[in-house]
Amino acid sequence: MSALAQPLAESMVQPVDWLAIAPPTITAVVGLVVLVADLFLQDARKALLGWVSVAGLAASALMLLPLLDGDRATFCLTGDATACSYTADRFTLVIQFLVLGGALLAALLSITTLKDADRGLPEGEYWFLLLSSAAGAALLPASRDLATLIVALEVASLPAFALVGIRHGDKKSAEAALKFFLSSVTATAVSLMGVSFVYATTGTLYLTRIADRIQHVDGQFHPLAQTGVALTLVGFAFKTAAVPFHFWVPDTYVGAPLPIAAYLSVVGKAVGFSGLILVTVVAFPSYADVWGPALAALAALTMTVGNLGALRQQATRAYSAVRLLAWSSVGQAGYLLVPIAAAAYSKDTQKSIGSTVAYALMYAAVNLGAFAVAALVGRSRALNRISDYRGLYASNPLAALLLAFFLLCLAGLPPGVIGLFAKVTVFSAAVDAGLGWLAVVMAVNVVIALFYYLQWTALLFRAPVGEHGKHRVPAPLTAALALTGALGIALSGAPQLVLRFAATGLF
231 MSALAQPLAE
241 SMVQPVDWLA
251 IAPPTITAVV
261 GLVVLVADLF
271 LQDARKALLG
281 WVSVAGLAAS
291 ALMLLPLLDG
301 DRATFCLTGD
311 ATACSYTADR
321 FTLVIQFLVL
331 GGALLAALLS
341 ITTLKDADRG
351 LPEGEYWFLL
361 LSSAAGAALL
371 PASRDLATLI
381 VALEVASLPA
391 FALVGIRHGD
401 KKSAEAALKF
411 FLSSVTATAV
421 SLMGVSFVYA
431 TTGTLYLTRI
441 ADRIQHVDGQ
451 FHPLAQTGVA
461 LTLVGFAFKT
471 AAVPFHFWVP
481 DTYVGAPLPI
491 AAYLSVVGKA
501 VGFSGLILVT
511 VVAFPSYADV
521 WGPALAALAA
531 LTMTVGNLGA
541 LRQQATRAYS
551 AVRLLAWSSV
561 GQAGYLLVPI
571 AAAAYSKDTQ
581 KSIGSTVAYA
591 LMYAAVNLGA
601 FAVAALVGRS
611 RALNRISDYR
621 GLYASNPLAA
631 LLLAFFLLCL
641 AGLPPGVIGL
651 FAKVTVFSAA
661 VDAGLGWLAV
671 VMAVNVVIAL
681 FYYLQWTALL
691 FRAPVGEHGK
701 HRVPAPLTAA
711 LALTGALGIA
721 LSGAPQLVLR
731 FAATGLF
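In the working numbering, the protein residues as written are 231 to 737.
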């Protein structure tokens with residue numbers, strides 16, 4: 231009996247590819263180090279925790295370089311190398327670069343925010359929560375089974391709820407966190423029900439095995455399988471802020487500390503879109519007739535509602551700048567959904583998904599840059615209204631020029647060549663897939679978005695009203711502005727490299 235048990239036990243023990251899992255692991259370990267160090271550091275020295283967090287995120291991002299040589303996988307089923315829980319392929323590395331880079335820039339913005347708060351925010355808890363969320367977000371694109379996907383989604387989300395409501399005694403912050411939490415928990419519950427239906431009909435949680443077995447489900451179980459596919463998509467659609475799962479976005483962005491709003495606008499979206507791509511293209515390709523039309527309708531609805539919401543923002547309303555960026559992010563989510571929907575109709579799935587990834591890289595760089603300028607202005611204008619940006623060029627020419635560049639990138643106008651290139655790529659994906667009507671809807675929405683982006687841009691160069699003091703830029707904020715500006719300019723100089731990098735051998 232013991233002789234039989236020993237080989238069985240040995241077959242259950244698998245070597246762990248520590249290099250493959252290094253990026254999320256380092257982020258998680260640094261988060262624990264920060265939490266423990268917070269217990270022993272004096273208040274005067276807790277600023278060090280921020281720099282340790284930035285160094286940890288930078289180290290995690292650098293660990294992506296050794297993984298570029300080839301695909302790696304770990305936590306695989308014995309005897310089946312295709313059924314793995316963790317895979318570090320090109321898709322994983324691109325999204326992890328986006329996630330860790332976005333978290334790094336959000337951390338740089340956070341250092342200034344925490345210093346300005348003058349111990350009004352608990353620093354140890356803040357950095358631990360941010361790093362924990364970033365670790366979950368970095369794990370998700372590597373996940374290749376539904377259980378790991380859901381766990382990674384929740385690890386990325388739960389700390390984010392606490393970060394949104396971390397301002398103690400702030401009713402606006404508490405309300406935003408509660409709204410974010412309740413809506414997210416509901417979406418997760420629906421997704422878990424969908425996962426259970428998929429498991430019941432296929433008998434597996436591994437995405438590659440689901441793709442094979444779901445095609446051969448007995449006829450009586452087809453409705454159950456279709457329902458499982460639809461419900462599984464709901465949680466990821468919520469994370470992308472797709473309409474009608476978008477209602478939490480404006481209030482959450484306003485109630486959260488500004489760096490966390492920036493983090494959610496980029497990293498939160500990367501989590502949702504990477505999960506959505508994995509479950510649709512990898513797990514459910516045979517059900518493209520179910521998710522394809524649904525995502526196409528969601529894309530059209532999302533970009534329209536998002537742009538109309540941004541268009542309605544009044545320049546003198548409190549927090550109107552943050553609200554405009556929030557509604558703009560909803561509209562941008564609609565553009566990001568277009569190529570995923572097109573993948574259901576296209577013969578070249580790699581090209582369609584590459585269009586989404588390329589657009590996400592562009593959006594991440596310029597949107598974080600816009601939030602960085604908003605954080606700069608918010609230091610002296612706490613209500614952060616659009617009208618507060620009038621005459622910014624007179625008081626801080628560089629910040630005004632950078633914000634103008636970021637807004638033109640989001641609008642898709644020169645000199646923001648990368649924005650124009652990304653929109654044309656997404657537009658082409660829709661046309662090539664035969665979704666002409668969706669391309670028309672996108673073109674109309676691009677025109678709508680031009681109005682509010684250009685209106686804000688023009689305001690930066692108008693004559694200021696009253697006295698505008700000089701905006702002092704702390705070193706971490708300067709670094710965030712420099713990094714996003716340099717990245718945006720570099721991508722505009724060679725936009726074709728983005729698509730080539732994003733689309734080559736994703737899966």
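Here a beta-carbon is modelled for each residue, glycine too, at the ideal position from N, C-alpha and C.
Q. Excluding sequence positions up to five away, which residues of its chain have a Cβ less than 7 Å from the Cβ of N614?
A. Translated into positions along the sequence shown, residue 614 becomes position 384. For N614, the CB contacts under 7 Å within the same chain, skipping 5 residues up- and downstream, are Y549, A551, V552, A604, V607, G608 in chain order.
Q | C-beta contact flag for M592 and L721 at 8 Å | A | Looking up residue 592 in the sequence shown gives position 362. Looking up residue 721 in the sequence shown gives position 491. Cβ distance < 8 Å, so M592 and L721 count as in contact.
**Q.** Between the CA atoms of G718 and Q456 - distance to the nearest angstrom
**A.** Indexing the sequence shown from 1 puts residue 456 at position 226. Indexing the sequence shown from 1 puts residue 718 at position 488. For Q456 and G718, the distance between alpha carbons rounds to 41 Å.
**Q.** M423 to I380 span [Cα, whole Å]
**A.** For the purposes of this step, residue 423 is taken as residue 193 along the sequence shown, with counting starting at 1. For the purposes of this step, residue 380 is taken as residue 150 along the sequence shown, with counting starting at 1. Going by C-alpha positions, M423 is about 11 Å away from I380.
Q) Would you report the Cα separation of L265 and P523, rounded to the nearest angstrom? A) For this step, residue 265 is matched to residue 35 along the sequence shown. For this step, residue 523 is matched to residue 293 along the sequence shown. L265 and P523 have their C-alpha atoms some 46 Å from each other.
Q: For A235, I'd like the list of residues in its chain whose CB is within less than 7 Å of its CB, leaving aside the five on either flank, ordered along the chain.
A: If you number the sequence shown from 1, residue 235 lands on position 5. Because A235 sits at a pLDDT of 46, beneath the cut-off of 50, its placement in the model cannot be relied upon, and the following sentence gives the value as read from the coordinates. Once the five neighbours on either side are set aside, A235 has no close Cβ partner at all.
Q.
Given this structure, state the Cα-to-Cα distance separating I570 from G561, to the nearest angstrom.
A. As a working mapping, residue 570 is identified with position 340 in the sequence shown. As a working mapping, residue 561 is identified with position 331 in the sequence shown. Cα-Cα distance, rounded: 15 Å.
Q: Please go through the region 510 to 554 and give each complete alpha helix (DSSP H) segment of 4 or more residues, from N-terminal end onward.
A: Counting whole runs of 4 or more residues, the region 510 to 554 contains the alpha helix (DSSP H) stretches 518 to 541.
Q) Where do the N-terminal and C-terminal ends of the beta strand (DSSP E) with T748 fall, by residue? A) Outside the displayed span of the chain (231 to 737) sits residue 748, for which this structure offers no information.
Q. My guess is that A407 and L334 are in contact by the Cβ rule of under 8 Å, so how many angstroms apart are they, rounded?
A. Reading the sequence shown from its first residue, position 177 is the one you call residue 407. Reading the sequence shown from its first residue, position 104 is the one you call residue 334. Actually they do not touch by this definition, with Cβ atoms about 24 Å apart.
Q | Straight-line Cα distance separating T255 from L488 | A | Against the sequence shown, residue 488 aligns to sequence position 258. Against the sequence shown, residue 255 aligns to sequence position 25. Distance between the alpha carbons of L488 and T255 is about 27 Å.
(Q) Once DSSP output is grouped into helix, strand and coil, what is the label at S610? (A) In the sequence shown, residue 610 corresponds to position 380, counting from 1. In this structure, S610 counts as coil in the three-state DSSP scheme.
Q.
Give me, in chain order, the residues of the same chain whose beta-carbon lies closer than 8 Å to that of F601; leave out the 5 immediate sequence neighbours on both sides.
A. Walking along the sequence shown from the start, residue 601 turns up at place 371. For F601, where only same-chain residues beyond five positions count, the Cβ hits under 8 Å are L339, L488, P489, A491, A492, S495, L555.
Q.
In whole angstroms, give me the CA-to-CA distance for H398 and A404.
A. Numbered from 1 along the sequence shown, position 168 holds the residue referred to as residue 398. Numbered from 1 along the sequence shown, position 174 holds the residue referred to as residue 404. Going by C-alpha positions, H398 is about 8 Å away from A404.
Q) Do you know how far the Cα of Y683 is from the Cα of R542? A) By 1-based counting over the sequence shown, the position of residue 542 is 312. By 1-based counting over the sequence shown, the position of residue 683 is 453. Take the alpha-carbon of R542 and the one of Y683: they are about 12 Å apart.
**Q.** Rounded separation between K499 and L567 - CA only
**A.** As a working mapping, residue 499 is identified with position 269 in the sequence shown. As a working mapping, residue 567 is identified with position 337 in the sequence shown. Rounded to the nearest whole angstrom, the C-alpha separation of K499 and L567 is 11 Å.
Q) Using a Cβ-Cβ cut-off of 7 Å (strictly less than) and excluding sequence neighbours within five positions of Q544, which residues of its own chain qualify? A) Indexing the sequence shown from 1 puts residue 544 at position 314. Contacts found: S550.
Q: For A724, count neighbouring Cβ atoms within 10 angstroms of its own Cβ and tell me buried if that reaches 16, exposed if not.
A: One-based indexing of the sequence shown puts residue 724 at position 494. Exposed, since its Cβ has fewer than 16 Cβ neighbours within 10 Å.
Q.
Tell me whether the region 408 to 420 and the region 350 to 365 touch, counting them as touching only if at least three CB pairs, one residue from each stretch, are closer than 8 Å.
A. As far as the Cβ criterion goes, the region 408 to 420 does not touch the region 350 to 365, which means the pair count is below three.
Q) From which residue to which residue does the alpha helix (DSSP H) around Q326 run? A) Looking up residue 326 in the sequence shown gives position 96. Residues 320 to 347.
Q) In the structure shown, what three-state DSSP assignment does Y356 receive? A) Along the sequence shown, one-based indexing puts residue 356 at 126. DSSP places Y356 in helix when its eight states are reduced to three.
(Q) Taking CB distances under 8 Å as the criterion, tell me whether T482 reaches chain D. (A) The structure shown has no chain D; it contains just one protein chain.
Q. L234 by DSSP, collapsed to three states: which one?
A. Residue mapping note: residue 234 aligns to position 4 of the sequence shown, counting from 1. Any reading at L234 needs caution, since the residue's pLDDT is 46, under 50, leaving its predicted position unreliable; the model's value is listed next. Note: L234 maps to helix in three-state DSSP.
Q: Give the DSSP-derived three-state secondary structure of Y683 in the structure shown.
A: Along the sequence shown, read from residue 1 onward, the residue named residue 683 stands at position 453. Shown here, Y683 sits in a helix according to DSSP, grouped into three states.
Q | alpha helix (DSSP H) runs wholly inside the region 263 to 308, at least 4 long, in chain order | A | Qualifying alpha helix (DSSP H) stretches, in chain order: 277 to 292.
Q: Tell me where the alpha helix (DSSP H) around S421 begins and ends.
A: On the sequence shown, residue 421 is found 191 positions in, with the first residue counted as 1. Unbroken alpha helix (DSSP H) run through S421: 401 to 432.
Q: Kindly identify the DSSP beta-bridge partner or partners of C314.
A: By one-based count along the sequence shown, residue 314 stands at place 84. Listed as beta-bridge partners of C314 by DSSP are C306.
Q: Measure the alpha-carbon distance for A364 versus G715 and round it to whole angstroms.
A: Position 134 of the sequence shown, counted from the first residue, corresponds to residue 364. Position 485 of the sequence shown, counted from the first residue, corresponds to residue 715. Their backbone Cα atoms lie some 23 Å apart in a straight line.
Q.
To test your reading of the DSSP string, which unbroken alpha helix (DSSP H) runs of 4 or more residues are found completely within the region 581 to 627?
A. Runs of the alpha helix (DSSP H) inside the region 581 to 627: 622 to 625.
**Q.** Bridge partner(s) assigned by DSSP for F436
**A.** Residue numbering aside, residue 436 sits at position 206 when the sequence shown is read from its first letter. Inspection of the sequence shows that residue 436 is occupied by Tyr rather than by Phe. In the DSSP output, where bridge partners are listed per residue, Y436 has D375.
Q: Report yes if the C-beta distance between S559 and V656 is below 8 Å; otherwise report no.
A: Within the sequence shown, the letter at position 329 stands for residue 559. Within the sequence shown, the letter at position 426 stands for residue 656. Not a contact, by the Cβ cut-off of 8 Å.
(Q) Taking its Cβ as the centre, do 16 or more other Cβ atoms sit within 10 Å of G476, making it buried, or is it exposed? (A) Position 246 of the sequence shown holds residue 476. According to the sequence provided, residue 476 is His. The question's Gly does not apply to it. Under this definition H476 is a buried residue.
(Q) Helix, strand or coil, according to DSSP, for L506 in the structure here? (A) Here residue 506 is taken as the residue at index 276 of the sequence shown, counted from 1. Of the three classes helix, strand and coil, the one that applies to L506 here is helix, per DSSP.
Q: Assign P725 to one of three DSSP states: helix, strand, or coil.
A: Within the sequence shown, the letter at position 495 stands for residue 725. Note: P725 maps to helix in three-state DSSP.
Q. Just how far apart, CA to CA, sit Q726 and Y589?
A. Position 496 of the sequence shown, counted from the first residue, corresponds to residue 726. Position 359 of the sequence shown, counted from the first residue, corresponds to residue 589. Their backbone Cα atoms lie some 12 Å apart in a straight line.
Q.
At a threshold of 7 Å, does M293 count as lining the ligand NAD (C-beta to nearest heavy atom)?
A. The model depicted lacks the ligand NAD and carries no ligand whatsoever.
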